[in-house]
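Read the structure below first, then the notes.
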Amino acid sequence: MLERKLIIQNETGIHARPAGKIVKEACKYRSTITFKKGEASFNAKSIINLMSMAAAKGDEVVLIANGEDEEVAIKNMSQLILNNLE
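Printed below as a string of structure tokens:
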């Protein structure tokens with residue numbers, strides 16, 4: 190299991206369009222991928238789950254990947270978040 194703390198960079202936070210981009214990327218990996226915000230965990234492969242995270246610009250989240258391709262998943266998912274979901 191790998192974890193990485195990230196700060197949401199996207200101006201509008203995680204709403205429908207950014208959540209869709211995250212889900213699309215997360216579904217490329219066999220690993221379980223979750224975000225943790227505060228004490229709550231959110232499945233990165235579920236758009237509704239991600240939107241319920243209500244992450245705004247500047248919020249700190251922890252990206253967690255657990256599985257056979259966790260290293261590449263953490264790397265690529267982190268880059269997506271740090272590059273304003275582009």
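Take any residue in the sequence shown, count from 1 to its spot, add 189: that is its number in this note's numbering.
Backbone N, C-alpha and C define an ideal beta-carbon position, used for all residues, glycine too.
Output yes or no for whether 8 Å exceeds the beta carbon distance between GLU249 and ILE196. yes
Below 8 Å on the Cβ atoms is my contact criterion, and I expect GLU283 with LYS246 to pass it. Report the Cβ-Cβ distance as a whole number of Å. The displayed coordinates of the chain run from 190 to 275. Any statement about residue 283 would go beyond what the structure contains.
Backbone CA spacing between LEU274 and LYS264 [nearest angstrom]: 14 Å
Does the separation of the CB atoms of VAL251 and PHE231 fall below 8 Å? no
As assigned by DSSP and simplified to three states, the class of LYS210: helix
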